[in-house]
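Q: Supplied in structure tokens, the structure appears directly below.
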Amino acid sequence: MNDVRHSESGFPIEPVYGPDTLASWDDNQQLGEPGSFPFTRGVYPSMYTGRPWTMRQYAGFGTAKESNERYHQLLAAGTTGLSVAFDLPTQMGYDSDHPVASGEVGKVGVAIDSIDDMRMLFERIPLDQVTTSMTINAPAAVLLLLYQLVAEEQGVDAAQLGGTIQNDVLKEYIARGTYIYPPAASLRLITDIFQYCQAEIPQWNTISISGYHMAEAGATPVQEIAFTLANGVEYVRAAIATGQQVDEFAPRLAFFFVSRTTVLEEIAKFRAARRLWARIMREEFDAKNPKSMMLRFHTQTAGVQLTAQQPEVNLVRVALQGLAAVLGGTQSLHTNSFDEALALPSEKAARLALRTQQVLAYETDVTSTVDPFAGSYVVEAMTDAIEAAAIDLMDRVEHLGGSVAAIEGGFQKGEIERSAYDVARQIDDGERVVVGVNRFTLDAEEPYEPLRVDPTIEADQKARLKVLRADRDQIEVDRWLTELSAAASGDANVLYPMREALRARATVGEVSDVLRAVWGVYQPIDSF
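All the letters of the sequence shown, read from the start, carry residue numbers 114 to 641 under our numbering.
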């Protein structure tokens with residue numbers, strides 16, 4: 114008799130499922146209809162039968178000019194939305210000429226120091242005709258305002274702008290590390306963004322509450338959605354505490370998840386997350402607007418599952434991961450390039466990743482019907498199991514005082530580290546098969562020439578900053594940085610003086626330094 118297999122989240126996968134294994138899929142309150150509470154079957158009635166998901170390709174490297182060229186290539190290839198990767202100094206709120214930026218400028222994303230760079234990044238791209246997702250967190254307000262200013266220069270009204278800033282700092286404390294300010298200050302900045310966008314950029318998604326990075330750090334599917342939704346609860350509470358009404362800001366909340374090769378569990382995970390969030394918003398926060406209850410999410414295929422060995426096999430992995438995301442009902446999708454375990458994606462690899470989505474959308478029949486797995490014994494049983502396990506884990510977070518208190522105690526980080534250790538041990542012991550790594554290996558790998566970032570970029574960015582500081586009106590810059598400091602010290606919305614400082618050509622680092630001086634810098638503790 115075969116041993117019982119277990120899901121990524123640890124519950125047993127039965128060899129056969131039938132009606133007796135289901136608790137609730139035929140209960141209309143549990144399953145519902147597509148586009149209706151509790152949104153198990155999708156947030157829109159027609160889903161992809163009307164139009165496909167938004168196809169994004171995460172891109173950004175080197176200079177703004179180089180990244181702009183890649184964006185034009187992707188748009189020409191059929192990408193329907195842009196997704197910007199920023200380099201580490203930008204993510205940490207440092208200019209390219211700061212000592213800590215040495216060796217990292219332009220390496221894992223594009224270097225953006227000022228409005229000059231942002232203008233170059235979106236040159237000849239009409240910002241009223243594309244939606245843009247920006248993977249930026251602690252300095253999210255800065256990059257959003259730079260985007261708005263560039264749009265104004267193009268003659269585009271801010272009310273026409275569509276897109277998303279990640280802006281999810283809580284997961285940075287848990288899994289990623291590109292935080293700047295302590296949690297309380299970070300939450301204040303995020304709620305200021307909510308208020309600002311409601312007044313100034315009403316179509317913008319103000320936050321993308323992210324489980325992706327926790328999954329990349331080793332979180333199971335249950336941990337991914339439990340910790341992500343718990344963070345979402347914390348953001349909603351913080352916004353309400355400032356006097357905002359839930360139905361005013363909640364419709365612009367978005368989420369970001371991973372999609373792994375375990376197709377059935379991933380489909381179930383997405384369905385469980387939608388159902389759970391809908392109930393939280395209606396029952397805990399008394400949301401009335403159905404849009405406040407919709408868990409709209411972007412998905413990225415699992416970079417952590419890509420291998421440097423036999424990298425072409427990653428094309429198969431990404432296709433399966435993309436299929437799982439589509440069958441799970443994602444609103445937008447980024448498919449990883451097959452060479453990302455080796456280096457920045459080449460132009461050909463990025464195009465192949467996009468073509469993967471296009472094949473799913475236009476050559477298969479998965480877009481012909483809504484929620485194809487509805488009523489599947491196994492998927493419905495997994496949906497129920499994941500939801501129940503996620504509720505239990507969220508209850509543990511609540512018992513610790515909520516997400517921030519649990520983060521400060523190292524709870525989420527510790528749980529994820531234990532899961533990551535278990536996976537690493539299983540791979541090392543051969544219990545978990547990874548094709549090309551511990552099974553079906555080659556004696557010698559074929560040579561591969563990776564895309565490399567020009568090492569002169571850092572010097573060029575430093576030179577551009579020197580020219581900028583010499584050319585701008587320093588008195589005007591100082592005036593608005595002083596206004597920003599005063600706003601941060603009080604309770605005024607910091608985005609208004611921040612916007613004017615950036616308009617006067619203050620840099621990302623200078624703005625971030627003002628907030629560091631007022632709010633301080635987060636010092637992590639060891640997890641337990």
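In this text, a Cβ means the ideal position worked out from N, Cα and C, and glycines have one as well.
Can you grab the Cα-Cα spacing for the pair Asn141 / Arg154, in whole Å?
A: For Asn141, the predicted model reports a pLDDT of 49, less than 50, meaning its position is unreliable; a value from the coordinates is still stated below. Answer to the nearest angstrom: the Cα atoms are 11 Å apart.
Q: Locate the beta strand (DSSP E) running through Met247, then write down its first and last residues.
A: Segment Thr244 to Thr248, the beta strand (DSSP E) holding Met247.
Q: Have a look at Pro239 and Tyr207 and give me their C-alpha separation to the nearest angstrom.
A: Each residue's Cα considered, the two are about 28 Å apart.
Q: How many angstroms separate the CA atom of Gln267 from the CA atom of Glu236?
A: Distance between the alpha carbons of Gln267 and Glu236 is about 9 Å.
Q: Please work out which residues of its chain come closer than 8 Å, Cβ to Cβ, to His211, disregarding the five sequence neighbours upstream and downstream, and give them in chain order.
A: Around His211: Pro202 and Gly622.
Q: Give the secondary structure of Met611 by DSSP, where H, G and I count as helix, E and B as strand, and everything else as coil.
A: In the structure shown, Met611 sits in a helix (DSSP, three-state: H, G or I).
Q: Buried or exposed, going by whether 16 or more other CB atoms sit within 10 Å of the CB of Gly329?
A: Just to set this straight, residue 329 is Glu in the shown sequence, not Gly. Answer is buried; the Cβ neighbour count reaches 16.
Q: Report back the beta-carbon spacing between Tyr184 and Met231 to the nearest angstrom; my notes put them in contact at under 8 Å.
A: That pair is no contact at about 13 Å.
Q: Measuring CB to CB, does Leu366 end up less than 8 Å from Met168?
A: No, the Cβ-Cβ distance between Leu366 and Met168 is not below 8 Å.
Q: Would the stretch 373-383 count as touching the stretch 305-320 if we require 3 or more Cβ pairs under 8 Å?
A: Cβ pair count under 8 Å is below three, so no.
Q: Taking the alpha helix (DSSP H) that Ser215 belongs to, which residues open and close that run?
A: Run containing Ser215: none; DSSP gives neither H nor E here.
Q: Please work out which residues of its chain come closer than 7 Å, Cβ to Cβ, to Asp567, disregarding the five sequence neighbours upstream and downstream, and give them in chain order.
A: Gly175, listed in sequence order.
Q: Going by other Cβ atoms of all chains shown within 10 Å of its Cβ, with 16 needed for buried, is Arg301 buried or exposed?
A: Flag for Arg301 reads buried.
Q: Along the chain, where does the beta strand (DSSP E) that runs through Ser196 open and close?
A: Run containing Ser196: Gly194 to Ala198, per the beta strand (DSSP E) assignment.
Q: Whole-angstrom Cβ separation of Gln279 and Ala253, contact assumed at under 8 Å?
A: Going by Cβ atoms, the distance from Gln279 to Ala253 rounds to 7 Å, so yes, they are a contact pair.
Q: Looking only at its own chain, which residues have a Cβ that is under 7 Å from the Cβ of Gln444, when we skip the five neighbours before and after it?
A: Contacts found: Trp166, Thr167, Arg409, Phe410 and His411.
Q: Taking a contact to mean a Cβ-Cβ separation below 8 Å, would you say Ala503 touches Leu389 in this structure?
A: Taking 8 Å as the Cβ cut-off, Ala503 and Leu389 qualify as a contacting pair.
Q: What are the start and end residues of each continuous alpha helix (DSSP H) run of 4 or more residues lying completely inside the stretch 412-465, in chain order?
A: Runs found: 426-441.
Q: Under 8 Å by Cβ, that's how I've got Pro614 and Val590 pegged, so tell me the actual separation to the nearest angstrom.
A: Going by the sequence as given, residue 614 is Ala instead of Pro. Indeed, because the Cβ distance is near 6 Å, the residues count as touching under 8 Å.
Q: What three-state label does DSSP hand Asn318 in the structure shown?
A: Residue state, collapsed to three classes: strand.
Q: Is Leu433 closer than 8 Å to Asn427 when the C-beta atoms are compared?
A: Not in contact: Asn427 and Leu433 (Cβ atoms no closer than 8 Å).
Q: Pull up the distance between the alpha-carbon of Arg350 and that of Ala462, whole angstroms please.
A: Straight-line Cα distance between these residues: approximately 42 Å.
Q: If distances are taken between C-alpha atoms only, which option among Ala415, Ser321, Trp593 and Ser602 comes closest to Tyr609?
A: Ranking the options by Cα distance to Tyr609, first place goes to Trp593.
Q: Identify, in the order they occur along the chain, each residue of the same chain with its Cβ nearer than 7 Å to the Cβ of Leu377, setting aside the five sequence neighbours on each side.
A: Closer than 7 Å at Cβ, skipping near neighbours: Val491, Val492 and Met495.
Q: Measuring alpha carbon to alpha carbon, tell me which of Arg392, Thr414 and Gln413 ends up nearest Met406.
A: Looking at the Cα atoms, Arg392 is the closest of the given residues.
Q: Contact check, Gly435 vs Gln471 under 8 Å by CB: the rounded distance?
A: So it is not a contact: roughly 10 Å between Cβ atoms.
Q: Can you tell which of Thr414, Ser481, Glu500 and Trp632 has the C-alpha that lies nearest to the C-alpha of Gly163?
A: The residue with the shortest Cα to Cα distance from Gly163 is Ser481.
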